[in-house]
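Numbering (my numbering), first residue to last: 40 to 314. Virtual Cβ for every residue (Gly too), placed ideally from N, Cα, C. Structure first, commentary second.
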(Lines of atoms letter the chains of each structure in order from A; the text may use other names.)
(Lines give C-alpha, C1' and ligand atoms only; values in the text may rest on other atoms or scores of the structure.)
Protein backbone atom coordinates (compact mmCIF):
# COMPACT_ATOMS: atom_id res chain seq x y z
CA UNK A 40 0.00 0.00 0.00
CA UNK A 41 1.38 3.40 -0.97
CA UNK A 42 1.77 5.84 1.92
CA UNK A 43 -0.67 8.72 2.13
CA UNK A 44 1.17 12.05 2.21
CA UNK A 45 -0.05 14.70 4.66
CA UNK A 46 1.34 18.21 4.37
CA UNK A 47 1.65 19.62 7.88
CA UNK A 48 1.97 18.03 11.29
CA UNK A 49 0.10 20.46 13.54
CA UNK A 50 -2.66 19.47 15.95
CA UNK A 51 -5.46 19.32 13.36
CA UNK A 52 -3.21 17.44 10.95
CA UNK A 53 -2.23 15.04 13.72
CA UNK A 54 -5.87 14.14 14.31
CA UNK A 55 -6.17 13.17 10.64
CA UNK A 56 -2.87 11.26 10.68
CA UNK A 57 -3.88 9.26 13.75
CA UNK A 58 -7.26 8.37 12.24
CA UNK A 59 -5.64 7.20 8.99
CA UNK A 60 -3.00 5.15 10.81
CA UNK A 61 -5.57 3.50 13.04
CA UNK A 62 -7.55 2.58 9.93
CA UNK A 63 -4.49 0.80 8.53
CA UNK A 64 -2.95 3.44 6.26
CA UNK A 65 0.78 4.32 6.32
CA UNK A 66 1.33 8.09 6.45
CA UNK A 67 4.32 10.25 5.55
CA UNK A 68 4.18 13.81 6.88
CA UNK A 69 5.86 16.66 5.03
CA UNK A 70 6.68 19.52 7.39
CA UNK A 71 8.65 22.77 7.35
CA UNK A 72 11.89 23.30 9.28
CA UNK A 73 10.27 25.68 11.79
CA UNK A 74 6.75 24.45 12.61
CA UNK A 75 4.50 27.04 14.23
CA UNK A 76 1.97 24.72 15.90
CA UNK A 77 0.75 26.07 19.24
CA UNK A 78 -0.74 22.84 20.64
CA UNK A 79 2.64 21.13 20.47
CA UNK A 80 1.85 18.34 22.94
CA UNK A 81 -0.78 17.03 20.51
CA UNK A 82 1.19 17.60 17.31
CA UNK A 83 3.51 15.26 15.43
CA UNK A 84 5.47 18.24 14.06
CA UNK A 85 7.47 18.21 17.29
CA UNK A 86 9.43 15.34 15.72
CA UNK A 87 11.20 18.02 13.65
CA UNK A 88 13.02 19.12 16.83
CA UNK A 89 13.24 15.90 18.84
CA UNK A 90 13.41 13.14 16.24
CA UNK A 91 10.16 11.58 17.41
CA UNK A 92 6.85 12.55 19.00
CA UNK A 93 4.23 10.42 20.74
CA UNK A 94 0.56 11.39 20.66
CA UNK A 95 -2.12 9.12 22.13
CA UNK A 96 0.16 6.09 22.07
CA UNK A 97 1.36 6.48 18.46
CA UNK A 98 4.98 7.49 17.90
CA UNK A 99 5.90 9.52 14.82
CA UNK A 100 9.56 9.32 13.80
CA UNK A 101 11.57 11.73 11.67
CA UNK A 102 13.37 10.54 8.55
CA UNK A 103 16.19 12.34 6.77
CA UNK A 104 15.30 11.39 3.19
CA UNK A 105 12.41 10.13 1.09
CA UNK A 106 14.00 6.70 0.75
CA UNK A 107 14.45 6.46 4.52
CA UNK A 108 10.85 7.56 5.07
CA UNK A 109 9.57 4.87 2.70
CA UNK A 110 11.65 2.23 4.49
CA UNK A 111 10.46 3.30 7.95
CA UNK A 112 6.76 4.03 7.47
CA UNK A 113 4.05 1.59 8.60
CA UNK A 114 0.42 2.09 9.69
CA UNK A 115 1.71 1.85 13.28
CA UNK A 116 4.55 4.34 12.71
CA UNK A 117 3.89 7.57 10.79
CA UNK A 118 7.07 9.19 9.53
CA UNK A 119 7.90 12.90 9.28
CA UNK A 120 10.16 14.40 6.65
CA UNK A 121 11.27 18.03 6.60
CA UNK A 122 10.28 18.93 3.04
CA UNK A 123 8.37 22.18 2.76
CA UNK A 124 8.72 22.24 -1.04
CA UNK A 125 7.43 18.65 -1.47
CA UNK A 126 10.50 17.61 -3.47
CA UNK A 127 10.15 14.07 -2.07
CA UNK A 128 6.87 13.49 -3.95
CA UNK A 129 8.85 12.42 -7.03
CA UNK A 130 10.15 9.44 -5.07
CA UNK A 131 7.13 8.76 -2.85
CA UNK A 132 4.60 9.05 -5.73
CA UNK A 133 1.51 9.01 -3.50
CA UNK A 134 -1.97 8.21 -4.74
CA UNK A 135 -3.45 10.42 -2.01
CA UNK A 136 -2.26 13.75 -0.61
CA UNK A 137 -3.88 15.80 2.16
CA UNK A 138 -2.97 19.46 2.67
CA UNK A 139 -3.47 19.88 6.42
CA UNK A 140 -1.21 22.90 6.92
CA UNK A 141 -4.24 25.06 7.88
CA UNK A 142 -2.47 28.16 6.54
CA UNK A 143 -5.77 29.72 5.39
CA UNK A 144 -4.13 29.92 1.96
CA UNK A 145 -2.62 27.51 -0.53
CA UNK A 146 1.12 27.04 -0.01
CA UNK A 147 1.78 25.20 -3.24
CA UNK A 148 -0.57 22.21 -3.29
CA UNK A 149 -1.89 21.32 -6.75
CA UNK A 150 -3.65 18.51 -8.57
CA UNK A 151 -0.46 17.08 -10.08
CA UNK A 152 0.71 15.88 -6.67
CA UNK A 153 -1.55 12.81 -6.42
CA UNK A 154 -4.57 11.08 -7.90
CA UNK A 155 -6.68 12.35 -4.98
CA UNK A 156 -5.83 15.72 -3.41
CA UNK A 157 -7.72 16.90 -0.31
CA UNK A 158 -7.47 20.35 1.29
CA UNK A 159 -8.48 21.27 4.82
CA UNK A 160 -10.06 24.67 5.31
CA UNK A 161 -9.96 27.88 3.26
CA UNK A 162 -7.47 28.70 0.52
CA UNK A 163 -8.41 26.01 -2.01
CA UNK A 164 -10.89 25.61 -4.86
CA UNK A 165 -12.34 22.22 -5.75
CA UNK A 166 -11.24 21.07 -9.18
CA UNK A 167 -8.54 23.73 -9.41
CA UNK A 168 -6.17 23.21 -6.45
CA UNK A 169 -7.69 20.14 -4.84
CA UNK A 170 -10.35 17.55 -5.56
CA UNK A 171 -12.22 17.94 -2.28
CA UNK A 172 -12.16 20.28 0.70
CA UNK A 173 -13.06 19.52 4.31
CA UNK A 174 -14.61 22.46 6.19
CA UNK A 175 -12.63 23.44 9.30
CA UNK A 176 -14.80 26.23 10.75
CA UNK A 177 -16.71 25.27 13.88
CA UNK A 178 -20.47 25.17 13.56
CA UNK A 179 -23.09 23.20 11.70
CA UNK A 180 -20.83 22.61 8.67
CA UNK A 181 -17.67 21.58 10.53
CA UNK A 182 -16.03 18.69 8.62
CA UNK A 183 -18.54 18.82 5.78
CA UNK A 184 -17.03 17.51 2.55
CA UNK A 185 -17.08 20.26 -0.09
CA UNK A 186 -17.27 19.12 -3.70
CA UNK A 187 -17.65 22.50 -5.42
CA UNK A 188 -16.18 25.91 -4.69
CA UNK A 189 -14.27 26.69 -1.50
CA UNK A 190 -14.47 26.48 2.28
CA UNK A 191 -15.82 29.32 4.39
CA UNK A 192 -13.36 32.25 4.58
CA UNK A 193 -11.24 32.69 7.66
CA UNK A 194 -12.89 35.06 10.17
CA UNK A 195 -9.77 35.59 12.27
CA UNK A 196 -11.84 34.90 15.41
CA UNK A 197 -11.14 31.61 17.25
CA UNK A 198 -13.97 29.36 18.36
CA UNK A 199 -15.59 30.23 21.68
CA UNK A 200 -14.77 28.32 24.87
CA UNK A 201 -17.11 29.26 27.74
CA UNK A 202 -17.94 32.38 25.75
CA UNK A 203 -14.30 33.44 25.38
CA UNK A 204 -13.08 33.90 21.80
CA UNK A 205 -10.24 36.24 20.79
CA UNK A 206 -9.08 36.86 24.36
CA UNK A 207 -7.95 33.26 24.77
CA UNK A 208 -5.40 33.57 21.95
CA UNK A 209 -2.18 35.52 22.55
CA UNK A 210 -0.23 37.25 19.79
CA UNK A 211 3.38 38.33 20.13
CA UNK A 212 3.52 41.95 21.42
CA UNK A 213 7.02 42.36 19.92
CA UNK A 214 9.45 40.65 17.58
CA UNK A 215 12.31 38.68 19.10
CA UNK A 216 13.41 35.52 20.84
CA UNK A 217 10.82 33.83 23.04
CA UNK A 218 11.64 32.73 26.58
CA UNK A 219 8.80 30.79 28.19
CA UNK A 220 8.01 31.01 31.88
CA UNK A 221 5.28 28.38 31.74
CA UNK A 222 4.86 24.94 30.18
CA UNK A 223 1.85 23.60 28.33
CA UNK A 224 -0.88 22.46 30.78
CA UNK A 225 0.20 24.95 33.47
CA UNK A 226 -2.49 27.01 35.18
CA UNK A 227 -1.87 30.69 34.38
CA UNK A 228 -3.39 33.84 35.87
CA UNK A 229 -4.69 36.81 33.93
CA UNK A 230 -2.15 39.64 33.85
CA UNK A 231 0.81 37.56 34.98
CA UNK A 232 3.61 36.97 32.45
CA UNK A 233 3.74 33.57 30.77
CA UNK A 234 6.83 34.47 28.73
CA UNK A 235 9.16 37.25 27.72
CA UNK A 236 10.36 38.30 24.27
CA UNK A 237 13.98 39.45 23.98
CA UNK A 238 14.11 42.00 21.16
CA UNK A 239 17.06 42.83 18.91
CA UNK A 240 17.35 46.29 20.46
CA UNK A 241 17.86 44.82 23.94
CA UNK A 242 14.36 45.17 25.38
CA UNK A 243 12.57 42.44 27.34
CA UNK A 244 8.86 42.57 26.51
CA UNK A 245 6.63 40.63 28.90
CA UNK A 246 3.82 38.49 27.52
CA UNK A 247 0.96 38.51 30.05
CA UNK A 248 -1.81 35.92 30.22
CA UNK A 249 -4.95 37.43 28.71
CA UNK A 250 -7.27 35.27 30.83
CA UNK A 251 -6.98 32.83 33.72
CA UNK A 252 -6.97 29.18 32.73
CA UNK A 253 -4.90 26.34 31.31
CA UNK A 254 -2.04 27.13 28.95
CA UNK A 255 -3.23 24.86 26.14
CA UNK A 256 -0.40 25.70 23.79
CA UNK A 257 2.60 27.95 23.30
CA UNK A 258 5.41 28.23 20.75
CA UNK A 259 8.66 26.53 21.81
CA UNK A 260 11.24 28.21 23.99
CA UNK A 261 13.81 30.05 21.89
CA UNK A 262 11.50 30.54 18.92
CA UNK A 263 12.06 33.74 16.94
CA UNK A 264 8.62 35.35 16.75
CA UNK A 265 7.60 38.24 14.49
CA UNK A 266 5.37 40.97 15.85
CA UNK A 267 1.72 39.90 15.99
CA UNK A 268 2.32 36.19 15.48
CA UNK A 269 -0.08 33.80 17.21
CA UNK A 270 2.06 32.36 19.98
CA UNK A 271 -0.14 30.93 22.76
CA UNK A 272 -3.63 29.69 23.57
CA UNK A 273 -5.36 29.58 26.96
CA UNK A 274 -8.37 27.42 27.85
CA UNK A 275 -10.50 29.07 30.57
CA UNK A 276 -11.55 25.64 31.90
CA UNK A 277 -9.06 24.59 34.59
CA UNK A 278 -10.56 21.09 34.54
CA UNK A 279 -9.34 20.49 30.98
CA UNK A 280 -5.59 20.16 31.66
CA UNK A 281 -5.47 16.57 30.37
CA UNK A 282 -6.86 17.69 27.01
CA UNK A 283 -3.59 19.49 26.26
CA UNK A 284 -2.05 16.12 25.42
CA UNK A 285 -4.79 14.60 23.27
CA UNK A 286 -6.40 15.23 19.88
CA UNK A 287 -9.29 17.72 20.02
CA UNK A 288 -12.92 17.09 19.15
CA UNK A 289 -12.52 19.37 16.13
CA UNK A 290 -9.50 17.45 14.85
CA UNK A 291 -11.28 14.09 15.28
CA UNK A 292 -14.31 15.39 13.41
CA UNK A 293 -12.23 16.62 10.47
CA UNK A 294 -10.26 13.36 10.45
CA UNK A 295 -13.45 11.36 9.98
CA UNK A 296 -14.26 13.22 6.78
CA UNK A 297 -10.75 12.72 5.41
CA UNK A 298 -11.04 8.99 6.12
CA UNK A 299 -14.42 8.98 4.35
CA UNK A 300 -12.79 10.41 1.22
CA UNK A 301 -9.83 8.03 1.39
CA UNK A 302 -12.11 5.04 1.76
CA UNK A 303 -14.33 6.28 -1.06
CA UNK A 304 -11.30 6.63 -3.30
CA UNK A 305 -10.13 3.11 -2.53
CA UNK A 306 -13.58 1.67 -3.29
CA UNK A 307 -13.97 3.75 -6.48
CA UNK A 308 -16.97 5.50 -4.93
CA UNK A 309 -15.81 9.07 -5.51
CA UNK A 310 -16.89 11.11 -8.50
CA UNK A 311 -15.04 14.31 -9.23
CA UNK A 312 -13.90 16.44 -12.12
CA UNK A 313 -10.79 18.55 -12.43
CA UNK A 314 -11.01 21.97 -14.07
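Which residues DSSP lists as bridging residue i, in chain order
i	result
residue 292	According to DSSP, residue 292 bridges with nothing at all.
residue 11	Residue 11 cannot be examined here, being either before or after the span of the chain that is shown, 40 to 314.
residue 219	234
residue 93	98
residue 252	227
residue 263	216
residue 46	69, 138
residue 272	208, 256
residue 169	165
residue 243	237
Cβ separation of residue i and residue j, assumed to be a contact under 8 Å, to the nearest whole Å
i	j	result
residue 261	residue 271	Not confirmed; about 15 Å, so no contact.
residue 209	residue 253	At roughly 13 Å, the Cβ-Cβ gap does not stay under 8 Å, so residue 209 and residue 253 are not in contact.
residue 46	residue 137	7 Å
residue 266	residue 214	4 Å
residue 160	residue 175	4 Å
residue 42	residue 133	6 Å
residue 245	residue 273	With 8 Å as the limit, residue 245 and residue 273 do not qualify as a contact, their Cβ atoms being about 16 Å apart.
residue 131	residue 67	6 Å
residue 108	residue 120	5 Å
residue 153	residue 172	Going by Cβ atoms, the distance from residue 153 to residue 172 rounds to 15 Å, so no, they are not a contact pair.
residue 217	residue 258	6 Å
residue 93	residue 223	That pair is no contact at about 14 Å.
Residue i in three-state terms, based on DSSP
i	result
residue 77	coil
residue 40	coil
residue 113	strand
residue 184	strand
residue 63	coil
residue 58	helix
residue 309	coil
residue 286	coil
residue 177	coil
residue 53	helix
residue 82	coil
residue 108	helix
residue 277	helix
residue 298	helix
Closer than 8 Å to chain C by CB, residue i
i	result
residue 247	Here there is only one protein chain, and chain C is not present.
Beta strand (DSSP E) segments (min. 3 residues) lying fully within the segment 115-164: 118-121, 135-138, 155-159
Stretch-stretch touch, CB-based, cutoff 8 Å, three pairs: the segment 157-168 with the segment 62-78: no
Stretch-stretch touch, CB-based, cutoff 8 Å, three pairs: the segment 140-148 with the segment 287-302: no
Counting Cβ pairs closer than 8 Å, one from the segment 51-58 and one from the segment 81-92, do we hit at least three? yes
Tell me, please, whether the segment 236-244 touches the segment 298-307 by the rule of three or more beta-carbon pairs shorter than 8 Å. no
Any contact of the segment 275-287 with the segment 110-117, i.e. 3+ C-beta pairs under 8 Å? no
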